[in-house]
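Notes follow the structure.
There are 2 protein chains.
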Amino acid sequence: MKRTARKNGKVIRFAYTGIRVRNLDRSLRFYKNVIGMRELLRGRMKAGGVFVQLRSPKSKQLLELNYYPAKAKYYETFDSGSELDHLAFWTEDVDKRFRELTSKGAKKAISPFSEDGYRLAFIKDPDGIWIELIGLDRRTKRK
Amino acid sequence: MKRTARKNGKVIRFAYTGIRVRNLDRSLRFYKNVIGMRELLRGRMKAGGVFVQLRSPKSKQLLELNYYPAKAKYYETFDSGSELDHLAFWTEDVDKRFRELTSKGAKKAISPFSEDGYRLAFIKDPDGIWIELIGLDRRTKRK
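So the sequence lines, in the order shown, correspond to chains A and B.
Quick note on numbering: numbering that gives the first Met the number 0 labels position 119 of the first sequence as 118, and the sequence is numbered without any gaps.
Quick note on numbering: numbering that gives the first Met the number 0 labels position 47 of the second sequence as 46, and the sequence is numbered without any gaps.
Have a look at this one:
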């Protein structure tokens, strides 16, 4: 038992992804009203800033929105970099969701296409982060 | 039943976070040997590039490493931007893990500190992505 406890104590467990947002209300509208995530908790950082944790229905994967006002210690001019390649969201009907989400204001990145039995499409969040929609390719399933 | 099926079909479920890596072997060494994640699957993108999905023991949260060679359609010169604020990893003893990980070559970002009952520290991955180590503040617990 002691060995298990010690072993568990050494575990480093991936808990959530924090993305930086330039406008918290705008991003909350996007991730809640367009993507359908739900707010779990929100708090303030001592160094300045607000964090809001979100979760999709039926997922334990957590997304945190991090907003830093200009006076916060870790504020920086926003630079759309390369390091976050994409956030992936699973859904049953990629084509339908793509039409629905873009009609709700999500920017298109790549229209739906098929690859290796999956249906894929990409949209952009309000800060330009690529959102992947992925699901099984229904045409493959029907064969 | 039909209503439930239709409702589930509309669910968009956050599935994983994909980060862009400049050197796949170097990043795999970091996330596997230093952070302790395990490889779940790997594949190739038709547009060029390799993806590797990783998971921590005791976590369903998925991290995907995306590597694009210079000839790939979505290759770009790497720019350490602002959009990915941090990847958070939960661990029991933040101070110990911080010492351990930095001795294994992880770059220091912020030394351990306490805030609101939590113990926090930040290191950097090989591409400069901030990794948060978070755990309960043991000194608070002892009170």
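Cβ coordinates follow ideal geometry from the N, Cα and C atoms, glycine included.
Since the model is a prediction, treat every value here as computed from it, not as a measurement.
Judged by beta-carbon spacing, A:T16 lies within the 8 Å limit of B:L86, meaning their Cβ atoms are closer than that value.
The DSSP-derived three-state label of A:Y117 is strand. Leaving aside the five residues that flank B:R43 on each side, the residues in its chain whose CB is nearer than 7 Å to its CB run, in chain order, V49. B:Y15 has a beta carbon lying within less than 8 Å of a beta carbon in chain A.
The beta carbon of B:P125 sits no closer than 8 Å to any beta carbon of chain A. In the displayed model, B:S55 falls within coil according to three-state DSSP, outside both helix and strand. Identification of chain B residues near A:D92 by a Cβ-Cβ cut-off of 9 Å yields G8, K9, ordered along the chain. The beta carbon of A:G47 sits no closer than 8 Å to any beta carbon of chain B. Within 8 Å of the CB of A:R19, the CB atoms of chain B belong to S81, E82, L83, D84, in sequence order along the chain. For the C-beta of B:I133, the chain A residues within less than 8 Å are, from N- to C-terminus, A14. Around the beta carbon of A:N65, 16 or more other beta carbons sit within 10 angstroms, so the residue counts as buried.
Between the region 65-76 of chain A and the region 109-118 of chain B there are fewer than three inter-stretch CB-CB distances shorter than 8 Å, so the stretches are not counted as touching. Under the Cβ distance rule, B:E38 does not count among the residues neighbouring chain A, no pair being separated by less than 8 Å. Residue-level contact by beta carbon fails for B:D136 and chain A, as no gap is shorter than 8 Å.
When only Cα atoms are considered, B:G8 and A:G134 end up about 11 Å apart.
When Cβ-Cβ separations below 8 Å define contact, B:N32 makes no contact with chain A. Looking at the DSSP output, A:F50 sits in a beta bridge with A:G42, A:N65. Near chain A, meaning a CB-to-CB distance below 8 Å, the residues of the region 57-75 of chain B are K57, S58, K59, Q60, L61, L62, E63, N65, E75.
Take B:Y67, set aside five residues on each side of it, and the residues of its chain with a beta-carbon closer than 6 Å to its own are G48, Y73, Y74, in chain order. DSSP, read as helix, strand or coil, puts B:G17 in strand. If you look at A:E131, you'll find it in the beta strand (DSSP E) that goes 129-135. Apart from sequence neighbours up to five positions away, the residues of its chain that approach B:T101 with a beta-carbon distance below 6 Å are K107, ordered along the chain.
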